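Colleague: Residue numbers (the numbering used here), protein chains in the order written: chain A, 233 to 432; chain B, 53 to 425; chain C, 14 to 129; chain D, 525 to 677. For every residue, glycine included, the Cβ atom is placed at its ideal position computed from N, Cα and C. Since the structure is predicted, the reported quantities are computational estimates derived from the model, not experimental observations.
1. In chain order, what residues of the same chain have a beta carbon less than 6 Å from the beta carbon of residue 297 (chain A), not counting five sequence neighbours either side?
2. Between the C-alpha atoms of residue 227 (chain B) and residue 200 (chain B), what's the straight-line distance to the nearest angstrom?
3. Determine, using beta-carbon pairs with one atom in the stretch 393-412 of chain A and one in the stretch 303-317 of chain A, whether at least three such pairs fall under 8 Å.
4. Please state the DSSP three-state secondary structure of residue 90 (chain C).
5. Would you kindly report the start and end of the unbroken beta strand (DSSP E) that includes residue 95 (chain B)?
6. So, with DSSP's three-state summary, where would you put residue 665 (chain D)?
7. Is residue 118 (chain B) helix, strand or coil when you go by DSSP?
8. In whole angstroms, give me the CA-to-CA distance for residue 34 (chain C) and residue 397 (chain A).
9. Just the chain D side, please: which residues come within less than 9 Å of residue 109 (chain B) by C-beta, in chain order?
10. Is the beta carbon of residue 376 (chain B) less than 8 Å from the beta carbon of residue 355 (chain B)?
11. Output the boundary residues of the alpha helix (DSSP H) element that contains residue 190 (chain B).
12. For residue 401 (chain B), which residues of its own chain have a beta-carbon under 6 Å away from its beta-carbon, when the five flanking residues on both sides are left out?
13. Give the residues of chain E in contact with residue 68 (chain C), contact being defined as C-beta atoms less than 8 Å apart.
14. Using a Cβ-Cβ cut-off of less than 8 Å, list which residues of the stretch 309-328 of chain A approach chain C; keep chain order.
15. Under three-state DSSP, which class holds residue 53 (chain C)?
16. Hey, residue 215 (chain B) and residue 120 (chain B): beta-carbon distance below 8 Å or not?
17. If contact means a Cβ-Cβ distance below 9 Å, which residues of the stretch 274-297 of chain B contact chain D?
18. Of all the residues that make up the stretch 221-247 of chain B, which are near chain D by a beta-carbon distance shorter than 8 Å?
19. CB residue 77 (chain C) to CB residue 125 (chain C), shorter than 8 Å?
20. Hey, does residue 61 (chain C) have any beta-carbon neighbour from chain B nearer than 8 Å?
21. Is it buried or exposed for residue 101 (chain B), if we count other Cβ within 10 angstroms and need 16 for buried?
22. Residues in its own chain within less than 8 Å of residue 345 (chain A) by CB, not counting five upstream and five downstream?
23. Taking CB distances under 8 Å as the criterion, tell me whether residue 405 (chain A) reaches chain C.
24. Please say whether residue 391 (chain A) and residue 351 (chain A) have beta carbons closer to each other than 8 Å?
25. With a cut-off of 8 Å, does the C-beta of residue 368 (chain B) fall near any C-beta of chain A?
26. I need the straight-line Cα distance from residue 627 (chain D) to residue 365 (chain B), nearest angstrom please.
27. What would DSSP say about residue 45 (chain C), mapped onto helix, strand or coil?
28. Report yes or no: is there a C-beta of chain D within less than 8 Å of the C-beta of residue 352 (chain B)?
29. Alpha carbons only, please: which of B:259, B:386 and B:394 is nearest the one belonging to residue 371 (chain B)?
30. Tell me, please, whether the CB atom of residue 677 (chain D) is closer than 8 Å to any CB atom in chain A?
31. Would you check if there are 3 or more beta carbon pairs closer than 8 Å linking the stretch 389-399 of chain B to the stretch 267-282 of chain B?
32. Considering only residues of the same chain and omitting the five flanking positions on each side of residue 161 (chain B), which have a CB-CB separation below 6 Å?
33. Which one or two residues does DSSP pair with residue 580 (chain D) in a beta bridge?
34. Throw me the rounded Cβ distance for the residue 306 (chain A) and residue 320 (chain A) pair, which I believe falls under 8 Å.
35. When the Cα of residue 340 (chain B) is compared with those of B:156, B:360, B:388 and B:303, which residue comes out closest?
36. In three-state terms, what does DSSP make of residue 314 (chain A)?
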């Protein structure tokens, strides 16, 4: 089946009135997420987005093994301060970005949701590692793992790997910066508004 | 003139503070509910489970090869040693004879894991006590070990290089060369660690005489690892129950009797030297032989209980497998070093300041998924 | 005569502060919910009453720091001009320092700095 | 002290015990529920045995009994034994605590209560350590079923 028949579903248009053209056999339901991308960006927006994307402050949020790879990325060899992520803040009030590095457990989910709510707008979320994407190695037979952090908060960038290499995390961070650069202040919707947790 | 006691001494109430799941000094998601009066801590009550991933329940439905992959997500800083623990337990159950080559390689990789874990601990302890540069020094050297692991085992952190019966594949041709390079490099860097932090007067004031754990309490709390050896309780599993190639290497077990945070710090620093000397003794004469004893695809342990303990960077990890003869175990219990060490935290931190609690926790070197499993 | 610098200085201060606040309110998206107002305590809600009478030592330390902070604020203009004021200014400042030093000694002896 | 001497000494204490050595590498005593506390206290207090290190506490569900397995070691006499205790009552299983003998048992017994539901008489603050307080059921029991969270494979 060639590419054009099964049109690859790449971008979710948000708020610009364009209908999603879903391929017929698309299994899941589309949850409107993200801050809207690929919209023509005015001059003011490009300045704002340039400033915002190059100075994202991550939150100290490492639950398990991926946190070690995040620390490696923060250290000297794979330095993520080359992209402006260096200032990691412990308090959600001063952070723009949560890198969910590790497994989210049922007991931790309300904590993560509360931290996300207490962050100032505009805020972004990176799900780092297989556990944050879908529960990872703990998907089967585990009674306490939330199968994916997007059951708790809307996620912008997913980084696969268990744990992902520092280069993979850097690539995810750059992807997030690209996404921010295409934001449009007028039609920017807070991702939490249309967010539903979905079933297991 | 004596300090005049004011008649109406202003009474201050105790209140609760969460040193909660998301806290820079918590090294993960450990929540401590502190009852404090001003700065002094009255009681530390841990509330765990924020990273409890029910590994023991999963093990009851996994085959033995699959259990090995779960253990390095438990104490991810000594992941190789955890894998080795489960593999040794399964090999003990099957009475498998492991070739010498595998034993020596496993020991070298265990010591490299211990070094990597102690490096990270040293970097983060400095950061917890306020010295940020130690973080960058430690992680610079840790990257070299990660490169060695990546080349030989394929993964940097959670390397599932061990399988019951030996190693997944043989070591990389230039493994020996790179390990020698690393050992030579790190021998010049370890004194730099000492110069950077050990002699610093602020660091000494923050750690000397802070969080003293006496030997009887260390035993009564079942504490193990560098925390126990800092209080004079010699609990090194590599000496008491040697496994793999530890019986053919000579190394000193470092025991200090002061029992305070500085003693625990010194024990780990000197242990790094011991690990380096162990690697040096083994790296040159890795015996020839095959790297794997082939086992059946579906491993069935005979009926009975098997207990294997290993010395991880944090203490004694015990793997208790109760098998009733079919392909997945009846019950698996991991005796986690962090969990027993945590039971001593309240006793040690009581009466100190909040700042002391941070340096005590850094010296206990908790890894929270190891506590929560 | 010479006051323009101060006016420019004040203007720059006001413009910078007001501008930063106003601009950030203008372009930042807003979202308000109940949990955003709650105090941040490591991701969980606070335990027990938070408006409690805590240790008075904090207040004493803060007051002592404040005194010596203001003292430095007085020293700075003096330090700029004391060269051409001669020894008279020096004696005055020494008296000023002595008085505050006496205050510190008194607080020290009263045990304000002891933390137990 | 070797296992035989241990067996002889412990028999002189007059507890009804089953001692076995097959299927495990440790000398295992299965003691009755009622005299668990007394047996453990003697094990630590008696200078000849002096088991002062409790290094592993394992909750067990043997199908119809619930129980706890204590791995004990003596740091100076260098010998190790395993003490097992069972209770057939699955609704409100109740055992004596040993946390006044070994301080670490306080945490381990909280864990066993959390996963198996075995209450320990005399434990200072027995509460759920890992799971949320309103969690129903005890996960590590064999008959635990939880369709909401668990994807069985």
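Modeller: Taking the coordinates as given:
1. Counted from its first residue, the first chain places residue 297 (chain A) at position 65. Answer for residue 297 (chain A): 395, listed in chain order.
2. As a position in the second chain, residue 227 (chain B) is number 175, starting the count at 1. As a position in the second chain, residue 200 (chain B) is number 148, starting the count at 1. The straight-line gap from Cα to Cα measures roughly 7 Å.
3. yes
4. Here residue 90 (chain C) refers to the residue found at position 77 when the third chain is read from its first residue. Of the three classes helix, strand and coil, the one that applies to residue 90 (chain C) here is helix, per DSSP.
5. Residue numbering aside, residue 95 (chain B) sits at position 43 when the second chain is read from its first letter. From DSSP, the beta strand (DSSP E) with residue 95 (chain B) extends over 92-99.
6. What you label residue 665 (chain D) is simply residue 141 of the fourth chain in a count that begins at 1. The answer is coil: DSSP assigns residue 665 (chain D) none of H, G, I, E or B.
7. For the purposes of this step, residue 118 (chain B) is identified with residue 66 of the second chain, where counting begins at 1. Helix, per DSSP.
8. What you label residue 34 (chain C) is simply residue 21 of the third chain in a count that begins at 1. What you label residue 397 (chain A) is simply residue 165 of the first chain in a count that begins at 1. So the alpha carbons of these two residues sit roughly 39 Å apart.
9. Here residue 109 (chain B) corresponds to residue number 57 of the second chain, with the count starting at 1. Those within 9 Å of residue 109 (chain B) in chain D are 639, 663, 664, 668 and 674.
10. Taking the first residue of the second chain as position 1, residue 376 (chain B) is located at position 324. Taking the first residue of the second chain as position 1, residue 355 (chain B) is located at position 303. Their beta carbons are under 8 Å apart, which means residue 376 (chain B) touches residue 355 (chain B) by this criterion.
11. Sequence index remark: in the second chain, residue 190 (chain B) carries index 138 (1-based). From DSSP, the alpha helix (DSSP H) with residue 190 (chain B) extends over 185-205.
12. In the second chain, residue 401 (chain B) corresponds to position 349, counting from 1. Counting only Cβ-Cβ distances below 6 Å, and skipping sequence neighbours, we find 93, 96, 409 and 412.
13. No chain E appears in this structure, whose protein chains are A, B, C and D.
14. 323, 324 and 325
15. For the purposes of this step, residue 53 (chain C) is taken as residue 40 along the third chain, with counting starting at 1. In the structure shown, residue 53 (chain C) sits in coil (DSSP, three-state: anything other than H, G, I, E or B).
16. As a working mapping, residue 215 (chain B) is identified with position 163 in the second chain. As a working mapping, residue 120 (chain B) is identified with position 68 in the second chain. Cβ atoms of residue 215 (chain B) and residue 120 (chain B): closer than 8 Å.
17. 274, 275, 276, 285, 286, 287 and 292
18. none
19. Translated into the one-based positions of the third chain, residue 77 (chain C) becomes position 64. Translated into the one-based positions of the third chain, residue 125 (chain C) becomes position 112. Yes, these two residues count as a Cβ contact at 8 Å.
20. Here residue 61 (chain C) refers to the residue found at position 48 of the third chain. Residue 61 (chain C) counts as touching chain B.
21. By 1-based counting over the second chain, the position of residue 101 (chain B) is 49. By the 10 Å Cβ count, residue 101 (chain B) comes out buried.
22. Reading the first chain from its first residue, position 113 is the one you call residue 345 (chain A). Within the same chain, residue 345 (chain A) has close Cβ partners 384 and 385.
23. Numbered from 1 along the first chain, position 173 holds the residue referred to as residue 405 (chain A). Not one chain C Cβ lies under 8 Å of residue 405 (chain A).
24. Counting from one through the first chain, the residue named residue 351 (chain A) turns up at place 119. Counting from one through the first chain, the residue named residue 391 (chain A) turns up at place 159. Taking 8 Å as the Cβ cut-off, residue 351 (chain A) and residue 391 (chain A) do not qualify as a contacting pair.
25. Numbered from 1 along the second chain, position 316 holds the residue referred to as residue 368 (chain B). Not one chain A Cβ lies under 8 Å of residue 368 (chain B).
26. By 1-based counting over the fourth chain, the position of residue 627 (chain D) is 103. By 1-based counting over the second chain, the position of residue 365 (chain B) is 313. Near 23 Å, if we compare the C-alpha coordinates of residue 365 (chain B) and residue 627 (chain D).
27. Numbered from 1 along the third chain, position 32 holds the residue referred to as residue 45 (chain C). Of the three classes helix, strand and coil, the one that applies to residue 45 (chain C) here is coil, per DSSP.
28. Numbered from 1 along the second chain, position 300 holds the residue referred to as residue 352 (chain B). False, the Cβ-Cβ gap to chain D never drops below 8 Å.
29. As a working note, residue 371 (chain B) is residue 319 in the second chain. The candidate whose alpha carbon is nearest that of residue 371 (chain B) is B:386.
30. For this step, residue 677 (chain D) is matched to residue 153 along the fourth chain. With 8 Å as the cut-off, residue 677 (chain D) counts as an interface residue toward chain A.
31. yes
32. Here residue 161 (chain B) corresponds to residue number 109 of the second chain, with the count starting at 1. For residue 161 (chain B), where only same-chain residues beyond five positions count, the Cβ hits under 6 Å are 132.
33. As a first step, residue 580 (chain D) is located in the fourth chain; it is residue number 56 there, counting from the start. Per DSSP, D:595.
34. The residue labelled residue 306 (chain A) in the question sits at position 74 within the first chain. The residue labelled residue 320 (chain A) in the question sits at position 88 within the first chain. The Cβ separation is near 7 Å, so the contact holds.
35. On the second chain, position 288 is the one that residue 340 (chain B) refers to. Considering only alpha carbons, the answer is B:156.
36. By 1-based counting over the first chain, the position of residue 314 (chain A) is 82. Of the three classes helix, strand and coil, the one that applies to residue 314 (chain A) here is helix, per DSSP.
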